[in-house]
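*Asks:* Heads up: the first sequence begins at 0 in numbering that gives the first Met the number 0, then just goes up one per residue.
Don't be surprised by glycine CBs; every beta carbon is placed ideally from N, CA and C.
One structure follows; several queries about it will come next.
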Amino acid sequence: MAKNKKPQKVKARLIRGFNDRSSSDIRATDEMMDKIRSVFELYGFDPIETPFLEYTDALGKFLPDSDRPNEGVFSLQDEDEQWLSMRYDLTAPLARHVAQNFNQINMPYRTFRSGWVFRNEKPGPGRFRQFMQFDADIVGAPSVSADAEMCMMMADTMEALGIKRGDYVIRVNNRKVLDGVLQAIGVTEEGQKLSVLRAIDKLDKFGVEGVRLLLGEGRKDESGDFTKGAGLDRAQCSAVLKVVGSGAIPKLKEVLDQVTLDTGGVPDEWGGMGHLLYDDAVFEITEELEPLLNSAGYSDRIKIDPSCVRGLEYYTGMVYEAELLFDVTNEKGDNVVFGSVGGGGRYDGLIKRFTGQAVPATGFSIGVSRLMSALKNLNRLDENAMPAPVVVCVMDKSRISEYQKMVGELRSAGIRAEMYQGNPKNFGKQLQYADRRNSPAAIIDGSDEFEKEIIQIKDLVAGKQASKNIKDNETWKEQRPGQFECKRDDLVEKISALPAIKAWLNSNG
RNA sequence: GCCGCCUUAGCUCAGUUGGUUAGAGCGCUAGAAUGUGGAUCUAGAGGUCCCCCGUUCAAUUCGGGGAGGCGGUACCA
């Protein structure tokens, strides 16, 4: 036997961007999900679930000019060599589901779903490679009123999650505003268009001057890294910046009219005055969206903002985004750039990829993991109210069936309970275990108690409170703070009366 | 991907201008106290000083490369 060869140990480690979740994280997330779900259900949405894996082509994520999937998605090949990918959002799978069940679905289809999604990219604060999203969509609804309803539901959801009015804002814009402006100033190349959208998306991060650089030549960040710009000339830059910075509607309209004057608009094929996309957008905003928001009383939380663009190509009309207005800090107390916690928009072309037939749809997604980490950093999560189990101590091994019976009685009454499953030899250990577990109570039923036909209940919460004033161990032992005896048959009644347990039983029916 | 900072005990972190035995606090284990959780006291366990290569009589410390973490930036469906 080789004695100095240690067996190679496997290193216990997590893949970066992937996290274990603690009990309190899970309970907090579940609670958030419940709140979101009830808002969505109230609005008349029903759940659907799709799998984690889809055919890569269904997600539309093959690299251009290549038969390999995009690097941003986790992918593998099935035995027949077809590419499969883990879903990176819940919208693409929904489009697939709708296309596949098109004839059975009753449109307009109001649906929601939640689940883990996966992105193979660098994690950051509040950004993970596996994270939870909660989506809602209306499929087969072409009008702005559907977009308006999504915005209102987003606002209601934020408030249901305990984020107060004024601590968040829903920013709305219409893609056609910028599409129209780009058309008017002569930006037609797709790549350049995307660069412009991305630059504008950075407005809150870098400010107007930063965006100006990104629209033009490019920008060097603090670390010295250079980002290539969209390559617009001075006039194009200033047109875009004026539109984006115009704020609300009257001013936006003014600025857009100026753009039309400056550029002469977009001539139609006969050389006459063309139809201007941004005029459609303004009409949709002022004549359709705003009246709905105003009459429903949402105009203080849902703001028109021409700088809200969202990075995606597939949006075709209204886009919206939920943003937190308070500062988010990390464990060290540093301010962290957090960005939006949810967003969405109208995607009239997504389902057409499968059916060939245009199906208008609008929807949004809440980044549950991200929102949760923001609220966690701020200690804004509800305290976990669920009490730890009552611990029944094992005093006499020959009577464990009696102890187990007590546990059963407590459980039948809806009280979490367990019999101590460690080595029962040292009684102090059992109480220490219950204490460290934060148990509200421990039950003691040894030979003394058995003879007297009683049990002892140790109220560990009361004892913990009392211990603050007891400095020496002798008094502590003599007083046995929080401990009282009762008849064996009164077990459930007495335990139920303990404040921590009573409160929990009341709040949980 | 690029830039910056970081990596020493289970956790938070000292420290070594290159030297023999690398420390603290908290936590953990045991005892004081064998039927009583806390507090206190005593003792103990726990380390590849992230990894590899190089320089050196000697590297946890210096140099190069790599990995991991944090933050920024790019990408973000």
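Short check: CB of V358 to CB of N173, under 9 Å?
*Replies:* Against a cut-off of 9 Å, the Cβ pair of N173 and V358 comes out as no contact.
*Asks:* Measuring straight from C-alpha to C-alpha, what distance separates E30 and S23?
*Replies:* E30 and S23: Cα-Cα distance of roughly 10 Å.
*Asks:* Going by the CB atoms, is the gap between P439 and V389 shorter than 9 Å?
*Replies:* Going by C-beta atoms, V389 is nearer than 9 Å to P439.
*Asks:* Can you give, in chain order, each stretch of the beta strand (DSSP E) that sits fully within the region 101-185 and has at least 3 residues?
*Replies:* Here the runs fully enclosed are 108-117, 129-138 and 167-173.
*Asks:* Considering only residues of the same chain and omitting the five flanking positions on each side of F73, which have a CB-CB separation below 6 Å?
*Replies:* Here the set comprises M85, F117 and N119.
*Asks:* Looking only at C-alpha atoms, which of K476, S506, Q455 and Q464 sits nearest to R487?
*Replies:* Closest by alpha carbon: Q455.
*Asks:* Would the region 391-407 and the region 442-456 be scored as touching if the rule is three or more Cβ pairs under 8 Å?
*Replies:* The region 391-407 vs the region 442-456: in contact.
*Asks:* Bridge partners for K457 per DSSP, in chain order?
*Replies:* Note: K457 sits in a beta bridge opposite A441 and Q482.
*Asks:* Say whether the region 177-189 touches the region 269-283, bearing in mind that this needs 3 or more beta-carbon pairs closer than 8 Å, one atom from each stretch.
*Replies:* Because the criterion of three Cβ pairs below 8 Å is met, the region 177-189 and the region 269-283 touch.
*Asks:* Comparing alpha-carbon positions, which option in T354, E448, S142 and T187 lies nearest V265?
*Replies:* Closest option to V265, Cα to Cα, is T187.
*Asks:* Could you tell me the boundaries of the alpha helix (DSSP H) in which A198 lies?
*Replies:* Element bounds for A198: E189 to D200.
*Asks:* Spatial neighbours of M157 within its chain, please: C-beta separation below 7 Å, excluding the five flanking residues on both sides.
*Replies:* The residues are Y167 and A321.
*Asks:* Using 8 Å for Cβ pairs, my map puts V171 next to L291. What's the rounded Cβ distance?
*Replies:* Rounded, the Cβ-Cβ distance is 11 Å, inconsistent with contact.
*Asks:* To the nearest angstrom, how far is it from the Cα of I47 to the Cα of Y313?
*Replies:* Whole-angstrom Cα-Cα distance: 22 Å.
*Asks:* Between the C-alpha atoms of N468 and V460, what's the straight-line distance to the nearest angstrom?
*Replies:* For N468 and V460, the distance between alpha carbons rounds to 14 Å.
*Asks:* Under three-state DSSP, which class holds P6?
*Replies:* Low confidence applies here, because P6 scores a pLDDT of 42, under 50, leaving its location unreliable; read the following figure in that light. Coil, per DSSP.
*Asks:* Can you tell me where the alpha helix (DSSP H) holding Y419 begins and where it ends?
*Replies:* From DSSP, Y419 is part of no alpha helix (DSSP H); its letter is neither H nor E.
*Asks:* Counting C-beta neighbours from all protein chains within 10 Å, is the total for A384 16 or more, i.e. buried, or is it exposed?
*Replies:* Exposed.
*Asks:* Compare the C-alpha of I137 against each of A147, S298 and R415 and name the closest.
*Replies:* Answer by Cα proximity: A147.
*Asks:* Assign L374 to buried or exposed, taking buried as 16 or more other Cβ atoms, counted over all protein chains shown, within 10 Å of its Cβ.
*Replies:* So L374 counts as buried.
*Asks:* When the distance is taken between beta carbons, is T49 closer than 9 Å to P92?
*Replies:* Their beta carbons are under 9 Å apart, which means P92 touches T49 by this criterion.
*Asks:* Assign T90 to one of two classes, buried (16 or more other C-beta atoms within 10 Å of its C-beta) or exposed (fewer than that).
*Replies:* Answer is buried; the Cβ neighbour count reaches 16.
*Asks:* In this structure, what does DSSP give as the bridge partners for F225?
*Replies:* Bridge partners of F225: K219.
*Asks:* Inspect the beta-carbon positions of L370 and L160 and report whether they are closer than 9 Å.
*Replies:* Cβ atoms of L370 and L160: closer than 9 Å.
*Asks:* Provide the residue span of the beta strand (DSSP E) that contains T361, from first to last.
*Replies:* Taken as a continuous stretch (DSSP letters only), the beta strand (DSSP E) holding T361 covers A360 to G366.
*Asks:* Do you know offhand how far C236's Cα is from R300's?
*Replies:* Computed Cα separation, rounded: 30 Å.
*Asks:* How close, in whole Å, do the beta carbons of I350 and Q132 come, if the pair is a contact with beta carbons under 8 Å?
*Replies:* Wrong, their Cβ atoms sit about 19 Å apart, outside the cutoff.
*Asks:* How is the beta strand (DSSP E) around E253 delimited, first residue to last?
*Replies:* Careful: E253 lies outside any beta strand (DSSP E), inside the alpha helix (DSSP H) at I248 to T262.
*Asks:* Label R15 either buried or exposed according to how many other C-beta atoms from any shown protein chain fall within 10 Å of its C-beta, with 16 as the threshold for buried.
*Replies:* Exposed, by the Cβ-count rule.
*Asks:* What are the residues that DSSP puts in a beta bridge with Q76?
*Replies:* DSSP, once it has assigned bridges, lists W82 as partnering Q76.
*Asks:* L52 to L324, Cα distance in whole Å?
*Replies:* Their Cα atoms are separated by approximately 35 Å.
*Asks:* What are the boundary residues of the beta strand (DSSP E) that includes R410?
*Replies:* Looking at the DSSP string, R410 is not in any beta strand (DSSP E); the run it does join, the alpha helix (DSSP H), is I399 to S411.
*Asks:* Could you name the residues of the same chain whose beta carbon sits closer than 7 Å to that of S372, not counting the 5 residues immediately before and after it, in chain order?
*Replies:* Answer for S372: G125, listed in chain order.
*Asks:* Where V242 and T28 are concerned, what is the direct C-alpha to C-alpha distance, given to the nearest angstrom?
*Replies:* V242 and T28: Cα-Cα distance of roughly 39 Å.
*Asks:* To the nearest angstrom, report how far apart R309 and R26 are at their CA atoms.
*Replies:* Using only the alpha carbons, I get a separation of about 31 Å.
*Asks:* Do you know offhand how far A57's Cα is from P141's?
*Replies:* Approximately 23 Å, taken between the alpha carbons.
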